[in-house]
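Here's the structure we're looking at; comments come further down.
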Amino acid sequence: MFDQLSDRLQGTLSDLRSRGKLSEADVDKAMREIRLALLEADVNFKVTKQFVADVREKAIGAGVLESLDPGQMVVKVVNEQLAELMGGSGRELVFASKAPTVILMAGLQGSGKTTATAKLAKHLIGEGKTAGVAACDTQRPAAVEQLTRLGEQAGATVYSQGTERDPVDIAEWALGQARSDGLDVLIVDTAGRLHIDSELMDQLAEIKRRTKPHDVLLVVDAMTGQDAVNVAEQFAEATEFDGVLMSKLDGDARGGAALSVKAVTGKPILYASTGEKLEQLERFHPDRMAQRILGMGDVLSLIEKAEQDIDASEAEELERKMRQDQFTLEDFLKQLKQVRKMGPLSSVLGMMPGMGKAMKELRNANVDDRELDRLEAMILSMTPEERSNPDIIRGSRRRRIAAGSGTNVQAVKQLTKQFEQMRKMMKMMASGKMPSPESMIRGQLGARRR
Amino acid sequence: MPTTWAELLDIGDREPAAAAASSEGDESKRRRGFFRRLRESIATSREAISAEIGSSLFETLDTESWERLEEALIMADVGARTTADVVGRLEGEVESGKVAGGDAARERLVELLAELAATGNGSIDLRPSPAVVMIVGVNGTGKTTTVGKLAWHLQREAGLNVTLAAADTYRAAAVEQLGAWAERAGCDIIKAETGQDAGAVVFDAISAAEARGSDVVLIDTAGRLHTRNDLMEELAKVNRVIDKRLGRGPSETLIVVDSTTGQNGLRQAKVFSEAVDVTGVALTKLDGTAKGGIALAIAGELGIPVKLIGVGEGIEDLRPFDAEEFSRALVGA
Chain A
0 MFDQLSDRLQ
10 GTLSDLRSRG
20 KLSEADVDKA
30 MREIRLALLE
40 ADVNFKVTKQ
50 FVADVREKAI
60 GAGVLESLDP
70 GQMVVKVVNE
80 QLAELMGGSG
90 RELVFASKAP
100 TVILMAGLQG
110 SGKTTATAKL
120 AKHLIGEGKT
130 AGVAACDTQR
140 PAAVEQLTRL
150 GEQAGATVYS
160 QGTERDPVDI
170 AEWALGQARS
180 DGLDVLIVDT
190 AGRLHIDSEL
200 MDQLAEIKRR
210 TKPHDVLLVV
220 DAMTGQDAVN
230 VAEQFAEATE
240 FDGVLMSKLD
250 GDARGGAALS
260 VKAVTGKPIL
270 YASTGEKLEQ
280 LERFHPDRMA
290 QRILGMGDVL
300 SLIEKAEQDI
310 DASEAEELER
320 KMRQDQFTLE
330 DFLKQLKQVR
340 KMGPLSSVLG
350 MMPGMGKAMK
360 ELRNANVDDR
370 ELDRLEAMIL
380 SMTPEERSNP
390 DIIRGSRRRR
400 IAAGSGTNVQ
410 AVKQLTKQFE
420 QMRKMMKMMA
430 SGKMPSPESM
440 IRGQLGARRR
Chain B
0 MPTTWAELLD
10 IGDREPAAAA
20 ASSEGDESKR
30 RRGFFRRLRE
40 SIATSREAIS
50 AEIGSSLFET
60 LDTESWERLE
70 EALIMADVGA
80 RTTADVVGRL
90 EGEVESGKVA
100 GGDAARERLV
110 ELLAELAATG
120 NGSIDLRPSP
130 AVVMIVGVNG
140 TGKTTTVGKL
150 AWHLQREAGL
160 NVTLAAADTY
170 RAAAVEQLGA
180 WAERAGCDII
190 KAETGQDAGA
200 VVFDAISAAE
210 ARGSDVVLID
220 TAGRLHTRND
230 LMEELAKVNR
240 VIDKRLGRGP
250 SETLIVVDST
260 TGQNGLRQAK
270 VFSEAVDVTG
280 VALTKLDGTA
290 KGGIALAIAG
300 ELGIPVKLIG
310 VGEGIEDLRP
320 FDAEEFSRAL
330 VGA
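Following this line, the structure appears as structure tokens:
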């Protein structure tokens, strides 16, 4: 079910390659795969239909039938078409010439508006602006308390008047306060509402009319299915929102809703929320989202994440050691910790292209984060001497390490053996013979299975 | 498959309390009102899809009608695989002559969908005393709201005394939110401070329930994305705390799934059931235009039955899941 499109297309098309030219029937087969991949990623049915028709036309025009690697060509066309559909023509957040800039947040219940409000405040404060948040969700119990706490954490001024007053009045009052407080930005949090609840949609339109926001953002849950289109259309009608903030992108949903919303309303996706912490809000990258929907990996995000989470000087030091063949288990432990800072193993690996098949093997071999926990525990149970010179780990040391880490002698043996292989591989890399990431992982798995 | 509260709640040999008995009288009246509201609330979801399938679909049984049926089911988030399964079977039966005519095809379709949905044991096991019911799910699906509504119904429909455990110690003000529901439902609540250990709150709640003679401990847990191993592990730990304290795990663990959720819902249900023993689904927000077809995929592929549906923001807007009614609503038959 989570087969990656590129793998699938390779499978569908590569065995046809030997025949020379592809027939139209072959292309149709590829299009079916694309259709299925998009539907499984929750791209709207109608959007998918149109999209596949467009890709088919372009692919034929691009000479896919004659190309040497038709699978790659089709993937390329699909990727470009997706990125084009999702990006472009969008506008940035607009800031008012006369402060405060007002941003109105809207969305369904549970889409993550309150959290997104605080995150956006934090993000803008990080850009050097002063920000306030207005608590206009008087509907959900304790929503005001939630925004108060999160807003304060974000360093924003919180404007709340409890739950008794009308949200429209609260919004208007908050705007007046923000103006006299001289804030740059006011973000208005509203109650979650169903797009078919006309009374509440009218209320939203009224808040918009009275506060004249410069930007209206629709918060859309990345896990939303086919209904995303209905929701977006109705909200567009009531509020003419300007852009979308995708929430919960840190899960493993493919986020086809993003494409659907963009395709149907033409509104760009401006921000993506990628974690539970307040600082986990990013500018949205259409090209990366395209690749995510297709399961093609997200190298840029990985690099960025690595830059964020990995200490550069430490990384350089590790690299030097690797090259000079001085890499010890102590260093390995450090490296392990750095990689793990980036998140669960599966999500990190998922960002690497071409890891589709390797990921499957990993899953089958049950290499998960618990495995890494065990590795860490074993290394931590070693003496400094053992860490720098694993060769001395024999019978009684092995038993002690196994007991100390709650594993067994076999596992300790495996660790030292794997480490030895890793060092060999590093030597190869240092001498310029770089093995591919997949073969590296296969090599590791091979060692594990033996 | 249970379709009423009395059938849904397996309270063992407990005597239904006086409070419940007194409400029996206006049961039918209330149910009428309730169904009318439900019909109104799912009318919208129904409209769209019944326009697709409704009466016109099976007038002629040809390739086009199968394609339209496929489209309608996919648009309802049933998912490509389950859709292909259902449409394939129906098409096969029609072609072999086992099912003849448009009306028969529509009825058979409803039957096939209902069969998929009505998997496993559909009742809610409340026999142990106190029975422990844990509510889990990803962020924003409506766990806290479902807990509040369920508490109210358990007291009202079965006269059970409920203690709430506010174990969402992560989200700001989640405890206050549940507190407001506890007040509305009129039941006890054991609270934790934000950041406190969820297991400790659950432990306290069970002790309090035993001391007060509560029938049910209803646990509201923090929303967590299934991709967060550490948080999934925390859930398993809460289970261990219950097991250690009572010598048995929760009698029910319900995963709350937002009906607007797409294909990721299947993944959610799968990963959560790997961490804890998920016994059922509560499908929320069915009062929107989303059809909640992902519940069919969850039932069909994972064998986890839907037990409850949420149909509005009011405390009474929770009801037993009726597979046939749901399937009919799905295809507007």
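So the sequences go chain by chain: A and B.
Residue 141 in numbering that gives the first Met the number 0 sits at position 142 of the first sequence, with consecutive numbering throughout.
Residue 302 in numbering that gives the first Met the number 0 sits at position 303 of the second sequence, with consecutive numbering throughout.
Where is the CB? At the ideal position from N, CA and C, for every residue including glycine.
Report yes if the C-beta distance between residue i and residue j is below 8 Å; otherwise report no.
i, j, result
"A/LYS57", "A/VAL26", "no"
"A/ILE186", "A/ILE102", "yes"
"A/LYS148", "B/ALA172", "It should be noted that the sequence gives Arg, not Lys, for residue 148 of chain A. Yes."
"B/GLY185", "B/GLY309", "no"
"B/VAL237", "B/THR226", "no"
"A/ASP251", "B/THR259", "no"
"B/THR283", "B/THR252", "no"
"B/GLY217", "B/ALA150", "Contrary to the premise, residue 217 of chain B reads as Leu rather than Gly in this sequence. A contact, by the Cβ cut-off of 8 Å."
"A/THR189", "A/ALA105", "yes"
"B/ASP76", "B/ILE293", "yes"
"B/ASP321", "B/THR81", "no"
Please report the distance separating the alpha-carbon of residue i from that of residue j.
i, j, result
"A/ARG426", "A/ASP324", "Per the sequence shown, the amino acid found at residue 426 of chain A is Lys instead of Arg. Their backbone Cα atoms lie some 7 Å apart in a straight line."
"B/LEU337", "A/GLY154", "In the structure as shown, chain B starts at 0 and stops at 332, and residue 337 of chain B therefore has no counterpart that could be examined."
"A/GLU281", "A/THR273", "7 Å"
"A/GLN409", "A/LEU374", "13 Å"
"B/PHE202", "A/ALA256", "40 Å"
"A/GLN108", "A/GLN337", "37 Å"
"A/LYS356", "B/SER272", "Any reading at A/LYS356 must be qualified, since the residue scores a pLDDT of 49, below 50, and its modelled position is unreliable; the value itself is stated next. Between A/LYS356 and B/SER272, the C-alpha separation is close to 25 Å."
"A/GLU437", "A/GLN334", "Low confidence applies to A/GLU437: its pLDDT is 46, below 50, so where it sits in the model is not reliable enough to give any reading."
"A/VAL219", "B/LEU224", "16 Å"
"A/GLN400", "B/LYS269", "A quick correction: the sequence has Ile, not Gln, at residue 400 of chain A. Going by the C-alpha atoms only, they are around 35 Å apart."
"A/ARG139", "B/ILE297", "29 Å"
"B/LEU329", "A/GLU232", "22 Å"
"A/GLY224", "A/GLU205", "29 Å"
"B/ARG244", "A/ARG386", "41 Å"
"B/ALA57", "B/GLY287", "One detail in the question is off: residue 57 of chain B reads as Phe in this sequence, not Ala. Their Cα atoms are separated by approximately 27 Å."
"B/VAL86", "A/THR129", "56 Å"
"A/PRO434", "A/SER22", "Note that A/PRO434 scores a pLDDT of 49, beneath 50, so its modelled location is shaky; the value from the coordinates is reported in the next line. Near 36 Å, if we compare the C-alpha coordinates of A/SER22 and A/PRO434."
"A/ILE268", "A/LYS261", "7 Å"
"A/LEU258", "B/VAL305", "30 Å"
"A/ARG291", "A/MET245", "14 Å"
"A/LEU332", "A/ILE378", "7 Å"
Is residue i near the ligand SAM, going by C-beta to nearest heavy atom under 7 Å?
i, result
"A/PHE418", "This structure simply doesn't include the ligand SAM, nor any ligand for that matter."
So what does DSSP say about residue i, is it helix, strand or coil?
i, result
"B/ILE189", "strand"
"A/THR327", "coil"
"B/SER326", "helix"
"B/PHE268", "In the sequence as displayed, the identity of residue 268 of chain B is Ala instead of Phe. Three-state DSSP puts B/ALA268 in a helix."
"A/SER17", "Bear in mind that the predicted position of A/SER17 carries a pLDDT of just 49, short of 50, making it too unreliable to give a figure here."
"A/LYS97", "coil"
"A/PRO285", "helix"
"B/ARG318", "strand"
"B/GLU69", "helix"
"B/ALA298", "helix"
"B/ILE254", "strand"
"B/MET133", "strand"
"A/ALA40", "coil"
"A/THR116", "helix"
"A/VAL157", "strand"
"B/ALA289", "coil"
"A/MET392", "Looking at the sequence shown, residue 392 of chain A is not Met but Ile. Note: A/ILE392 maps to coil in three-state DSSP."
"B/MET74", "helix"
Counting only Cβ pairs nearer than 7 Å, list the residues of chain E close to residue i.
i, result
"B/ASP257", "The chain labelled as chain E is not found among the protein chains of the depicted structure, namely A and B."
Problem set entry | chain A contacts made by the segment 63 to 92 of chain B, where a contact means CB separation under 8 Å | Within the segment 63 to 92 of chain B, the residues whose Cβ lies closer than 8 Å to some Cβ of chain A are GLU70, ILE73, MET74, ALA75, ASP76, GLY78, ALA79, ARG80, listed in chain order.
Problem set entry | Whole runs of the beta strand (DSSP E) within the segment 147 to 222 of chain B, excluding any shorter than 3 residues | Listed in chain order, they are 161 to 166, 187 to 189, 215 to 220.
Problem set entry | Near-chain A residues of the segment 290 to 305 of chain B - C-beta to any C-beta below 7 Å | Per Cβ criterion, the list reads ILE293.
For this session: Could you run through the segment 22 to 48 of chain A and flag, in chain order, every residue whose CB is less than 7 Å away from some CB of chain B?
Result: Closer than 7 Å at the C-beta level to chain B, one finds these residues of the segment 22 to 48 of chain A: LEU35, LEU38, GLU39, ASP41, PHE44.
Exercise. For the segment 252 to 283 of chain A, which segments carrying the alpha helix (DSSP H) assignment without a break, of at least 4 residues, lie completely within its bounds, in sequence order?
Worked result: With a minimum length of 4 residues, the unbroken runs of alpha helix (DSSP H) contained wholly in the segment 252 to 283 of chain A fall at 255 to 264.
Problem set entry | Every unbroken beta strand (DSSP E) within the segment 185 to 263 of chain A, with a cutoff of 3 residues, ordered by chain | Within the segment 185 to 263 of chain A, the beta strand (DSSP E) runs of at least 3 residues that lie entirely inside it are, in chain order, 214 to 220, 242 to 246.
For this session: With 8 Å as the C-beta to C-beta threshold (strictly closer), list the residues of the segment 165 to 195 of chain A near chain B in chain order.
Result: The residues in question are LEU193, HIS194, ILE195.
Problem set entry | Contact residues within the segment 129 to 162 of chain B, judged by C-beta distance below 9 Å to chain A | Along the segment 129 to 162 of chain B, the positions whose C-beta sits under 9 Å from a C-beta of chain A are VAL137, ASN138, GLY139, THR140, GLY141, THR143, THR144, GLY147, read in chain order.
For this session: Quick one: which residues of the segment 94 to 119 of chain A get their C-beta closer than 8 Å to a C-beta of chain B? List them in chain order.
Result: Those residues of the segment 94 to 119 of chain A that come within reach of chain B (Cβ to Cβ, closer than 8 Å) are LEU107, GLN108, GLY109, SER110, GLY111.
Problem set entry | Secondary structure, alpha helix (DSSP H): runs of 4+ residues fully inside the segment 92 to 118 of chain B | Entirely contained in the segment 92 to 118 of chain B, the alpha helix (DSSP H) runs reaching 4 residues are, in chain order, 101 to 116.
Problem set entry | Residues of the segment 211 to 228 of chain B with Cβ closer than 8 Å to any Cβ of chain A, in chain order | Here the close residues are LEU224, HIS225, THR226, ARG227, ASN228.
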